[in-house]
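**Q** Line by line, the protein sequences are chains L and F.
The letter at position 148 of the first sequence is residue 148 when you use the numbering used here, and the numbering goes up by one with no holes.
The letter at position 31 of the second sequence is residue 365 when you use the numbering used here, and the numbering goes up by one with no holes.
Virtual Cβ for every residue (Gly too), placed ideally from N, Cα, C.
Protein chains: 2
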Amino acid sequence: MSLREAPEACDIGMIEAAATRLAGHARRTPLLSSPFLDEIAGRRVLVKPECLQHTGSFKFRGAWSALSALAPDVRARGVIAYSSGNHAQGVARAAALHGVPAVIVMPADAPRLKIANTRALGAEVVLYDRANFESREEIGARIAAARGLTLIKPYDDPEVIAGQGTAGLEIAEQAAEEGISEADVLVCAGGGGLSAGIALALEAKAPGLRVRTVEPVGYDDWARSLASGRRERNTVEAGGFCDAILTPQPGELTFPILRRLAGPGLAVSDAEVRRAMALAFTRLKIAAEPGGAVALAAALFRPGEMRGEAVIVTVSGGNMDPALFARVLADAAG
Amino acid sequence: MSLREAPEACDIGMIEAAATRLAGHARRTPLLSSPFLDEIAGRRVLVKPECLQHTGSFKFRGAWSALSALAPDVRARGVIAYSSGNHAQGVARAAALHGVPAVIVMPADAPRLKIANTRALGAEVVLYDRANFESREEIGARIAAARGLTLIKPYDDPEVIAGQGTAGLEIAEQAAEEGISEADVLVCAGGGGLSAGIALALEAKAPGLRVRTVEPVGYDDWARSLASGRRERNTVEAGGFCDAILTPQPGELTFPILRRLAGPGLAVSDAEVRRAMALAFTRLKIAAEPGGAVALAAALFRPGEMRGEAVIVTVSGGNMDPALFARVLADAAG
């Protein structure tokens, strides 16, 4: 049986089309580095800081891609999304810039800053209780049907994957400028939209670069799924330090892509994530939220689990309660 | 009497030559923004985050420019600099990348992180007591003469001004991409190297953009000097919150340039700087050190002191003790 038994949900043509739609709207983030991080990791560490993207995470790429791909009359009726935060902000901002309404379904225990930001970005926020009987998918589907809204899924949507893949196009170009043709590309993985999009872009544009998913220990559904060849579930689904990237299991559309293209998955501890967050701040001058720092943590503290003279790392987002980061930084400084 | 009675130390030709030497070595920093900051300021706020430059501040530009402009045999003997920190790191890194020795003369009470970083970047650090009889200039001159080193001054050096001016070339291009042809450009001002370099670049490439110096209240030598038409001194020279940009008075070479090109100077309080630092983190996801946040503070909290629908702001650096920033963030969150 071939690994590629069925057509995949997204391809390089869709990613390049998304890049055209995103031009002048999404930010081209730079590639950052520090000799101090290189020394810790024992190899060159190149960081793609998607925390500097509009709304503070890569999610704006997928949201813009999905909204801009809708037929104008469909888009005009509005969109809906469910999200623990970053996808919500991306959809809210992309909808506001398109001049269409957005409804965001969020867990009531999401970080306060994310809820407040989503509202301030112009979206209507509907909160739900994670412990409740009804799932966010059910709530989203119900409201969408009632109001004629289009659901923008956080990762299992071909145009969302294509939008996230534009980060991969940039990585391919920027790695070439740095003279890097062979390296692991560590990507913070929740549903796998960013990982899958980047993997497809690299397959076409920089085949010597290989995506590796990175997750928190205890929430390593991607690592286990890539090892077993089928979608494994996490036993715990919420409450972790790296809240932004906790999903029940790999996405239905993203898994076949990464099963074919990704290397073995990596997992890091919360303590490693905290140290990576502090180092991202002191050495790169960027805010990396817990879920956004897992890939950097792997690059810095699991050097034996990857090969090559360089490693490329995404910092997927920087949205978090300031008090939380103040504690992380104070702990690291103390 | 014409305002331009004598040739100035730097011009657009030198800045463009520096840009050629810096290509592939200095980072082209992006232009960041947030609708949340726009709302506070009442106009579009576009931020040039030089904290993302190599060594965490714009100083790497001037250091690379100065080193790369030296004759190879002169450069090979090594360089020396005196600095409270950011210039030191810029010179240390630029020297290491050129493969030549660097000696850095620093005050013993400079932030620990800056001293440690400068040493780790490969430079020999010589500490001096700010209260001591001998000035840093005298110490630097003595060591330079003894070892045949070339002194790289922090701002009163034409090639350093030219290097900082490359940030102005980028601002001119990036403002045009954003559709901005008329705006104040607020620049964090110490000796005035960054302000003067940007002013010269904008004069040639974007004449509708005007530099305004920004300083801490109580250390507003630029504002008073621009008002009086002569170089005024600060009565206090050290110990302020915004340590990176405290200098005794405007530079000898930078003052004539800014007297001719800059608008009225601005000054902000330490409380405003702290709020700007927290907002730079929560809204732009960047680390802005106190001296690096004064221009953003002016844009956000002194909107009546500037005109136009947009304002462009430099964040000049992001190097600071993590414990200090943890307190700033905890205070803002509390």
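#1: Alpha carbon to alpha carbon, how far is Pro322(L) from Ala287(L)?
#2: Look at the alpha carbon of Gln423(F) and the alpha carbon of Ala436(F), and state the distance between them as a whole number of angstroms.
#3: Any idea what DSSP makes of Ala444(F), helix, strand or coil?
#4: Mapping the DSSP letters down to three states, classify Cys522(F) as helix, strand or coil.
#5: Can you name the residues of chain F whose CB is closer than 7 angstroms to the CB of Lys285(L)?
#6: Check whether the region 549-563 of chain F touches the region 493-511 of chain F, taking contact to mean three or more Cβ pairs, one atom from each stretch, closer than 8 angstroms.
#7: Since I believe Leu284(L) is in contact with Leu32(L) (beta carbons under 8 angstroms), could you give me their beta-carbon distance rounded to a whole number of angstroms?
#8: With DSSP collapsed to three states, give me the class of Leu455(F).
#9: Distance check for Glu537(F) and Arg275(L), CA to CA, integer angstroms please.
#10: Distance cutoff 7 angstroms, beta carbons only. Does Thr500(F) sit that close to anything in chain L?
#11: Once you ignore the five residues that flank Ala523(F) on each side, which residues in its own chain have a CB closer than 7 angstroms to its CB?
#12: Buried or exposed for Lys427(F), going by 16 or more other Cβ atoms inside 10 Å?
#13: Are any of the Cβ atoms in chain F nearer than 7 angstroms to that of Thr118(L)?
#14: Taking the Cβ atom as the reference point for each residue, do Ala201(L) and Ile15(L) lie within a distance shorter than 7 angstroms?
#15: Chain F partners of Ala330(L), CB-CB under 7 angstroms?
#16: Please identify the residue among Asp243(L), Leu209(L) and Pro7(L) whose C-alpha is closest to the C-alpha of Gly191(L).
#17: Given Gly148(L), which residues of its chain have a CB within under 8 angstroms of its CB, disregarding the five upstream and five downstream residues?
#18: Below 7 angstroms between beta carbons: does that hold for Ala421(L) and Lys205(L)?
#19: Compare the beta carbon distance of Val126(L) and Val100(L) with 7 angstroms and say whether it is the shorter of the two.
#20: Just by C-beta distance, which residues in the region 89-104 of chain L are closer than 7 angstroms to chain F?
#21: Taking C-alpha atoms, which residue in Glu511(F), Leu658(F), Ile532(F) and Pro584(F) lies nearest to Val647(F)?
#22: Determine the DSSP secondary structure at Glu586(F), reduced to helix, strand or coil.
#23: Nearest to Phe301(L) by CA position, among Leu186(L), Ser181(L), Asp109(L) and Met320(L), is which residue?
#24: Within a Cβ cutoff of 7 angstroms, which residues of the same chain sit near Glu606(F), ignoring the five residues on either side of it in sequence?
#25: Looking at the C-beta of Phe575(F), does it have a partner C-beta in chain L at a distance below 7 angstroms?
#26: With distances taken from CA atoms, which of Gln53(L), Pro7(L), Pro30(L) and Arg44(L) is nearest Ser181(L)?
#27: Please check if any C-beta of chain F sits within less than 7 angstroms of the C-beta of Ala333(L).
#28: For a contact defined as C-beta to C-beta under 9 angstroms, what are the partners of Pro30(L) on chain F?
#29: Applying a beta-carbon distance threshold of less than 7 angstroms, which residues of chain L neighbour Thr648(F)?
#30: Looking at C-alpha atoms only, which residue of Met306(L), Ala63(L), Pro49(L) and Thr118(L) is the closest neighbour of His98(L)?
#31: Note the first and the last residue of the continuous beta strand (DSSP E) segment covering Thr547(F).
#32: Please look up how many angstroms separate the CB atoms of Ala444(F) and Ala333(L), rounded, as I've assumed it's under 8 angstroms.
#33: May I have the straight-line CA-CA distance separating Pro177(L) from Ala262(L), to the nearest angstrom?
#34: Since Val217(L) contacts Ser269(L) with CB under 8 angstroms, what's their CB separation in whole angstroms?
#35: Using C-beta distances below 7 angstroms, list every residue in its chain close to Phe394(F), excluding the 5 sequence neighbours before and after it, in chain order.
#36: Assuming the contact rule is C-beta atoms closer than 8 angstroms, Ala375(F) and Ala633(F) should be a hit. Round their C-beta distance to whole Å, please.
**A** In terms of the structure at hand:
#1: 10 angstroms
#2: 10 angstroms
#3: coil
#4: strand
#5: Cys385, Leu386, Gly390, Ile620, Ala621 and Gly652
#6: no
#7: 5 angstroms
#8: coil
#9: 44 angstroms
#10: no
#11: Ser529, Thr547, Val548, Glu549, Trp556 and Ile579
#12: Per the sequence presented here, residue 427(F) reads as Arg, with Lys not at that position. So Arg427(F) ends up on the buried side.
#13: no
#14: yes
#15: Ala657 and Ala660
#16: Asp243(L)
#17: Arg77 and Gly78
#18: In the structure as shown, chain L starts at 1 and stops at 334, and residue 421(L) therefore has no counterpart that could be examined.
#19: no
#20: none
#21: Ile532(F)
#22: coil
#23: Leu186(L)
#24: Ala631 and Phe635
#25: no
#26: Arg44(L)
#27: yes
#28: Arg361, Arg362, Thr363, Pro364 and Leu386
#29: None at all; the shortest Cβ gap to chain L is about 14 angstroms.
#30: Ala63(L)
#31: Leu543 to Pro550
#32: With a Cβ gap of about 17 angstroms, Ala444(F) and Ala333(L) do not count as contacting.
#33: Note that residue 177(L) corresponds to Glu in the displayed sequence, not to Pro. Their backbone Cα atoms lie some 23 angstroms apart in a straight line.
#34: 5 angstroms
#35: Ala360, Gln387, His388, Gly424, Arg427 and Ala428
#36: 5 angstroms
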